[in-house]
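J.: In short: position in the sequence shown from 1, add 52, done, that's my numbering.
For each residue, glycine too, the CB sits at the ideal point set by N, CA and C.
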Amino acid sequence: LELLEQFWSLANQAMSENPPAAADARLMTVFGDIEVGPGRDLSRLTPGLQAGLQRASLRALMLLPEVHKSNYGTKLVNGWKYPPADLGRSGLQGQFLARAVLQSLGGIVANDPDEAVYLVATRTVDGELLNGEHSYRITFGKDDLPPVQSFWSMTLYDSTNNLAANPLNRYSLGDRNPDLKYAEDGSLSFYVGHEPPADELQSNWLPAPDDEFYLLLRTYLPGPAIVEQSWQPPEIELLD
C-alpha cells in the first residue's frame with residue numbers, strides 16, 4: 053500500500069515538473085477533485101478517498117497486463133501485430149490506455165511512427181505460439197523486404213522479454229548483416245528455432261530458446277507503406 057501511495061505523490065510531482073498539455077485541461081479539472089495534478093496535496097483527501105485511490109492503482113496494475121496480452125489497438129497481418137497507428141503520439145491523441153499498456157508497460161518510450169515502427173509476432177498465422185521446440189522459416193520476397201530509408205532488423209526475445217543466450221551470440225538479423233544468403237530469385241529466408249538448420253543456411257539462422265519466444269521486426273525511417281500499415285510482412289512458416 054505504501055508503494056501505491058508513493059505512486060500518486062510521484063505522479064503529482066512529475067506533473068508539477070512537466071505540466072500537462074493545455075488540451076488536457078478539462079481532464080485535469082476532474083482529477084483536481086481527487087487531488088491529482090500539479091501542485092495538488094493528497095493529504096487533503098478523506099481517508100475513504102485515499103483508500104479509493106489505492107484500490108484504483110491496484111486494479112490498474114492488474115488490468116494493464118491483461119490488456120497487454122490482447123490485441124488491443126493493434127493490427128494483425130500474417131501473424132504480425134502492427135502497433136496502434138498513433139503509438140509514440142498516444143498521449144497527444146488522448147489514447148492513455150494505449151500509452152500505459154503498449155508504451156510504458158511494454159518498454160520505456162515509443163518512437164514517432166515516422167522515426168520507427170516495430171512489428172511483433174508471438175504466434176504463427178495459424179495462432180500457434182512460437183516455441184523453440186519447432187523450427188520456422190520467414191521468407192521475404194525480392195520486392196517485399198521492409199521498405200525503409202534507414203535499416204531494419206528482426207530480433208528474438210525469450211518469454212522474460214530478454215535476449216536469448218545462444219552459442220553464436222546472435223540476437224538479431226537484418227539488412228546490416230553482410231553474410232546473409234539470398235536465393236537465386238532474390239528472396240531472403242530466415243530460419244528460426246532452437247536447433248540449427250543445415251550448415252549452408254546457418255548464416256540466416258536466428259537461434260531460439262527451447263521454449264516460447266517472440267520476434268520483433270524493427271523498421272527505422274519506415275516508408276509510407278509501413279507507416280500507413282499497408283505493407284504485409286511475411287508469414288511465419290512452421291517447418292516441423
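Could you tell me the distance, in whole angstroms, from the CA atom of D85 to the CA atom of F242?
T.: Counted from its first residue, the sequence shown places residue 85 at position 33. Counted from its first residue, the sequence shown places residue 242 at position 190. So the two alpha carbons sit approximately 55 angstroms from each other.
J.: Identify the continuous beta strand (DSSP E) that holds A288 and give its terminal residues.
T.: Within the sequence shown, residue 288 is the residue found at index 236, counting from 1. Per the sequence shown, residue 288 should be read as Ile rather than Ala. Residues I288 to L290.
J.: Does the region 260–271 come within contact of the region 151–167, defined as at least 3 CB pairs closer than 8 angstroms?
T.: Touching, no.
J.: Could you pull out every unbroken alpha helix (DSSP H) segment of at least 4 residues lying fully inside the region 144–208, listed in chain order?
T.: Runs of the alpha helix (DSSP H) inside the region 144–208: none found.
J.: If you draw a straight line from the alpha carbon of V119 to that of E236, how long is it in whole angstroms?
T.: Locating residue 119 in the sequence shown gives position 67, where the first residue counts as 1. Locating residue 236 in the sequence shown gives position 184, where the first residue counts as 1. Each residue's alpha carbon lies about 44 angstroms from the other.
J.: Roughly how many angstroms separate the alpha carbons of G104 and L94, rounded to a whole number?
T.: On the sequence shown, position 52 is the one that residue 104 refers to. On the sequence shown, position 42 is the one that residue 94 refers to. Near 12 angstroms, if we compare the C-alpha coordinates of L94 and G104.
J.: Less than 8 angstroms between the C-beta atoms of D283 and P199, yes or no?
T.: For the purposes of this step, residue 283 is taken as the residue at position 231 of the sequence shown. For the purposes of this step, residue 199 is taken as the residue at position 147 of the sequence shown. Strictly speaking, residue 283 in this sequence is Trp, with Asp absent from that position. Yes; because the gap between Cβ atoms is below 8 angstroms, this pair is in contact.
J.: Expressed to the nearest angstrom, what Euclidean distance is found between the alpha-carbon atoms of Q147 and A250?
T.: Sequence index remark: in the sequence shown, residue 147 carries index 95 (1-based). Sequence index remark: in the sequence shown, residue 250 carries index 198 (1-based). Rounded to whole angstroms, Q147 to A250 spans 47 angstroms at the Cα level.
J.: Between which two residues does the beta strand (DSSP E) carrying V129 extend?
T.: Counting from one through the sequence shown, the residue named residue 129 turns up at place 77. V129 -> beta strand (DSSP E) spans K127 to V129.
J.: What does DSSP give as the partner residue(s) for Y134 in the beta ladder?
T.: Here residue 134 refers to the residue found at position 82 of the sequence shown. K127.
J.: Look up V244 in the DSSP assignment and give the residues it is bridged to.
T.: In the sequence shown, the residue the question calls residue 244 occupies position 192. Note: V244 sits in a beta bridge opposite Y188 and L258.
J.: Identify the continuous beta strand (DSSP E) that holds R270 and give its terminal residues.
T.: As a first step, residue 270 must be located in the sequence shown, where it is residue number 218. Counting along the chain, the beta strand (DSSP E) containing R270 begins and ends at F265 to Y272.
J.: What does the alpha-carbon distance come out to for the pair P136 and D262?
T.: Position 84 of the sequence shown, counted from the first residue, corresponds to residue 136. Position 210 of the sequence shown, counted from the first residue, corresponds to residue 262. Rounded to whole angstroms, P136 to D262 spans 31 angstroms at the Cα level.
J.: Going by DSSP, name the residue or residues bridged to S224.
T.: One-based indexing of the sequence shown puts residue 224 at position 172. Answer is T207.
J.: Closest to T207 by CA distance: which of P230, V172 and L116 is it?
T.: What you label residue 207 is simply residue 155 of the sequence shown in a count that begins at 1. Taking only the C-alpha atoms, the option nearest T207 is V172.
J.: Identify the residues that DSSP records as bridge partners of L215: which are they?
T.: To locate residue 215, count along the sequence shown from 1; it is residue 163. DSSP, once it has assigned bridges, lists Y209 as partnering L215.
J.: Starting from the C-beta of E252, find all residues in its chain whose C-beta is less than 8 angstroms away, skip the five residues before and the five after it, and write them out in chain order.
T.: Position 200 of the sequence shown, counted from the first residue, corresponds to residue 252. Counting only Cβ-Cβ distances below 8 angstroms, and skipping sequence neighbours, we find K233.
J.: Assuming the contact rule is C-beta atoms closer than 8 angstroms, E289 and R189 should be a hit. Round their C-beta distance to whole Å, please.
T.: Counting from one through the sequence shown, the residue named residue 289 turns up at place 237. Counting from one through the sequence shown, the residue named residue 189 turns up at place 137. About 5 angstroms; that satisfies the 8 angstroms criterion.
J.: Could you check if R92 is buried or exposed, using at least 16 other CB atoms within 10 Å of its CB as the buried criterion?
T.: Locating residue 92 in the sequence shown gives position 40, counting from the first residue. Per the 10 Å Cβ criterion, buried.
J.: Are the CB atoms of G245 and R175 within a distance shorter than 8 angstroms?
T.: Working through the sequence shown from its first residue, we reach residue 175 at position 123. Working through the sequence shown from its first residue, we reach residue 245 at position 193. The answer is no: Cβ separation not under 8 angstroms.
J.: Pick from N70, W204, Q145 and D138: whose alpha carbon is nearest that of S224?
T.: Looking up residue 224 in the sequence shown gives position 172. Answer by Cα proximity: W204.
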